[in-house]
Amino acid sequence: MHGITEQEWMDYLDQRLAGSAYARIDAHLASCHKCREFQERMLRTEKSLAVAGVELKRGQPLDDEQLNLGLAKILARILDAEAKQQGLSRHAIQERLNNLEELLALMCGSWTAVNALRLAAEGTLVSSLDKLTQDNWPSFLNRLSSIAAVFCGEAGAKLVSEYGRL
Amino acid sequence: MTSEELAQNVLFTVYQRIGDLREKDLFFGWVFKIARNELSQHRRQQLWRSKLAVFEPLSPALAPRLTTEIDSPPGSQFYEWLAHLQPQEREIIMLRFIEELSYEELSEALSLPLGTVKWRIFNAKKKLAQIIAPNE
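In the order they appear, the protein sequences are chains W and S. Residue numbers for the first sequence follow this note's numbering, beginning at 2 and rising by one. Residue numbers for the second sequence follow this note's numbering, beginning at 571 and rising by one.
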């Protein structure tokens, strides 16, 4: 319209237009009644929409009791999901421990296998194998691998670190 | 599924996928994107169920009530204005002026390029200007 592209109108009305282009449109608006009218109508529309939109949002407040109830339900779901996740992790850890014990028993005998696992747990600063988690598992596996290197050689250590990955 | 259950699903997904959020500034846009996906999925399921369902004809007393009741607050000028827009335009105008999302947040929420967002809002406002601020 009158040498002003739609893109320029959009940016001008949003006040995102670069300096020189802004000044050019300003100068045009000062002398063109039709474009000024369009600008004013668009600004009035923007303002009316903003006012009505905010009023509408404020007119539908969420009741505190309803909000708290909803949030409590979400929290319960989150806690439930976390408990399931931890349960799965515990299961995976126990499964890996059993596999590692079998592997070490095959390589160095069952007495060594049981003691290697115990020593690795102590070295990881957990009181028992039950306390192993996903977080301390990599450290435990490193220690077990070092112990396996002593008892079963480098090949055994490598097998332990490969086999023990969660 | 009630609207409350849908809202819960949205918040639960937000919790599960918060690690996927790329830009913290676009958080609200990202939440609306999840909400929009949840709603679309719900609508698809409803549509599928409605295709499977066997409908009984509405009672003569109930039918007129259902066809005249509007799912918006009575007297809301905003909804009257929205009735003049296409569904895509309605959605973007509601998110812009009720939820007050920025262009960048709208781009994230609607998975649209920034230019398309600006263009769609500008065109919708031009249409609404005919109603809200007509030529004098």
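We put the beta carbon where it would ideally sit given N, CA and C, even for glycine. Quantities reported herein were computed from a predicted structural model and do not represent experimental measurements.
Chain S places a beta carbon closer than 8 Å to that of S49/W, counting this residue as a contact.
Taking a cut-off of 8 Å for Cβ pairs, the region 594 to 601 of chain S and the region 662 to 677 of chain S touch, as three or more such pairs fall below it.
Counting only Cβ-Cβ distances below 7 Å, A699/S has contacts in chain W at R42, M43 and T46, in chain order. Annotation: Cβ neighbours of L581/S in chain W (cutoff 7 Å, chain order): I75.
Beyond the five residues adjoining it in sequence on each side, L652/S comes within less than 6 Å, by CB distance, of R660 in the same chain, given in chain order. Per DSSP, N137/W is not a residue of any alpha helix (DSSP H), being assigned neither H nor E.
The C-alpha of S111/W is placed about 20 Å away from the C-alpha of G124/W. Chain-ordered, the chain S residues with CB closer than 8 Å to the CB of R78/W read Q578 and F582. Two segments are said to touch when three or more pairs of C-beta atoms, one from each, lie closer than 8 Å; by this definition the region 696 to 705 of chain S touches the region 35 to 54 of chain W. Under the rule that a run must span 4 or more residues, the alpha helix (DSSP H) segments found entirely inside the region 10 to 67 of chain W read 20 to 32 and 34 to 59. In the three-state scheme derived from DSSP, where H, G and I count as helix and E and B as strand, I668/S is classed as coil. With respect to L581/S, I75/W sits close: the two C-beta atoms are nearer than 8 Å.
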